[in-house]
Structures are given as C-alpha cells and as structure tokens.
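According to our numbering, the residues represented by the sequence shown are 414 to 572, in order.
Notes for the one structure printed next.
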Amino acid sequence: MVNHKNLIVSVIIIVIFSVIIFNFYNNYGEKVNNLNKEIQEWSKKEHFAEEKIILDKKYLNLIEELFDDFFDFKKLIEQTAFKHEMDIDSLKRLSRGKGEFFSDREVKLTLAGSYSELINFLDELESYRFVGIKVLNIKSAERTTDLLINVILLGLTKK
C-alpha cells in the first residue's frame, strides 16, 4: 500500500510538473511569436525610416535646383535668348502661384528670330528641369523673314 501511495504521489508530482512545463513552454512559444512579430514590425519601420531619409535628401536636392526667385528665372530666359540670338520684344510677369513647397511663375515673352534660332531656344529651355512651356504662338513677321513668337513660360522658384 505504501508503494502504491508513493507511486500515486509520484504520478501526481509528474502530472503537476508536466502541466507547469506545458504552460511555461506554451507561454514561451507565444512570447517568441510575439517577439518575432515585433521584430518584423520594427524592420518595416526601419525600412520606412531609411526610405524617408533618402526621400528627404532627394527633396532637398530638388529644392536646391529651383530658381531662387523670379529674377533668377528671368535671367535664364534672357541669357538663353541672347545665346541663340533671339530678340526679346517684351518680357512680362503674369502670375505667381504659391504651392506648399515652391512657387510657380508665369512669364509672357514676345521674341523675334529665325526658325532655327527658335528651335534651339525652345530646346534649351525645355532641357531645364523646372521650366515649362505653357502656351506657344508663332507667326511670320510682316516685313522680314523672322518669326514672331509669343510664349508663356512657367518656372518653379523657391518659396
């Protein structure tokens, strides 16, 4: 009978320890899974943070490329026209739109020049990242072989 009591007590102790070990291991597995999920989430956050740093650098580089102000934009137009032997009849500021990170400036320009001068002038202006042609009208000059060009240019400037 004593042996049976010892055997029963031993079995009860083994069952209790088995239940405790099972619960401990079960909780441990859940904790490991939770930690793995947290590691994955932090990896994603770290990746997004790295992407944000790269995008911030690109943004700052783009901002640096913008014209400082209207006069910087105007200077580029005048230099390009001079380079391609275009005669500027008038250059008029039309409007200024304010964006969150930049301003857009519209300029109405009246020029005279030959066809090849016009093409070279427009090609060079279009090569600049922050210059666009909004409206372009071309007609023949009455007494010369030159073309009269009315163009509205759009340039982006810093705030």
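Using N, Cα and C, we set each Cβ at its ideal position, and we do this for glycine too.
The alpha helix (DSSP H) with residue i in it runs from where to where?
{"i": "D481", "result": "That residue, D481, is in no alpha helix (DSSP H); it is neither H nor E in DSSP."}
{"i": "S540", "result": "Y528 to S540"}
Quick check: residue i and residue j, are their CB atoms within less than 8 Å of each other?
{"i": "I490", "j": "L566", "result": "yes"}
{"i": "F515", "j": "K457", "result": "no"}
{"i": "R518", "j": "F484", "result": "no"}
{"i": "L560", "j": "L531", "result": "yes"}
So residue i packs on residue j, CB below 8 Å; how close in whole Å?
{"i": "L569", "j": "F480", "result": "7 Å"}
{"i": "E478", "j": "R542", "result": "6 Å"}
{"i": "I546", "j": "E539", "result": "7 Å"}
{"i": "N563", "j": "N550", "result": "4 Å"}
With H, G and I counted as helix, E and B as strand and the rest as coil, what does DSSP make of residue i?
{"i": "F514", "result": "coil"}
{"i": "E443", "result": "helix"}
{"i": "E463", "result": "helix"}
{"i": "E454", "result": "helix"}
{"i": "E498", "result": "coil"}
If you follow the beta strand (DSSP E) that residue i is in, where does it begin and where does it stop?
{"i": "T557", "result": "It is not in any beta strand (DSSP E) - T557 carries neither H nor E in the DSSP assignment."}
Any Cβ of chain D within less than 8 Å of the Cβ of residue i?
{"i": "K471", "result": "This model lacks chain D altogether, as it is built from one protein chain only."}
Any 3 or more C-beta pairs closer than 8 Å across the segment 433–447 and the segment 496–511: no
Sufficient close CB pairs (3 or more, under 8 Å) joining the segment 549–561 to the segment 517–534: yes
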